[in-house]
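Q:
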Amino acid sequence: MTLNEIRDGERAVIENFEIDDNLRQRFFSFGLNPGKKIKKLKSTLKGSTIEIQIDRSCVILRKNEAEKIRVSRTNENA
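Numbering follows UniProt numbering, with no gaps: position 1 of the sequence shown is 1.
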């Protein structure tokens with residue numbers, strides 16, 4: 001499943017990316033790495049952007065970027 005498919009408030013672990021090297025470097029600069037635990041905070045009404053929490057930081061991604069991040073849900077409490 002991809003990041004944009006999980007619901008607001010759900011936690012997930014990043015599995016991998018389906019992106020080019022430039023976007024991969026940008027993601028790495030945000031702390032987005034395979035194995036990293038994240039929480040989807042919210043998405044805009046039309047889903048054009050998605051806000052996630054990584055450690056103590058919040059990052060906003062475009063929908064087309066979130067669609068390229070493969071994740072698996074975790075059972076941790078919100």
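All C-beta atoms in this analysis are idealised placements derived from N, C-alpha and C, irrespective of residue type, glycine included. Keep in mind it's a predicted model, so treat the numbers as computed, not measured.
1. By the DSSP assignment, the beta strand (DSSP E) with S48 in it spans what residues?
2. In angstroms with no decimal places, state the Cα-to-Cα distance between G31 and I54.
3. Out of F28, G47, D20, state which residue places its alpha-carbon closest to the alpha-carbon of L3.
4. Leaving out the 5 sequence neighbours to the left and right, which residues in its chain are closer than 7 Å to E76 when beta-carbon positions are compared?
5. What residues in its chain sit with their C-beta under 8 Å from that of I38, if we drop five residues either side in the sequence?
A: Quick answer:
1. Here the question's residue 48 lines up with position 48 in the sequence shown. Note, S48: premise wrong, no beta strand (DSSP E); not H, not E.
2. Counted from its first residue, the sequence shown places residue 31 at position 31. Counted from its first residue, the sequence shown places residue 54 at position 54. Answer to the nearest angstrom: the Cα atoms are 7 Å apart.
3. One-based indexing of the sequence shown puts residue 3 at position 3. Closest by alpha carbon: G47.
4. Here residue 76 is taken as the residue at index 76 of the sequence shown, counted from 1. Excluding sequence neighbours, E76 sits near R11.
5. Stepping through the sequence shown from its first residue, residue 38 is reached at position 38. Around I38: L3, R11, A12, V13, I14, L32, I52, Q53, I54, V71.
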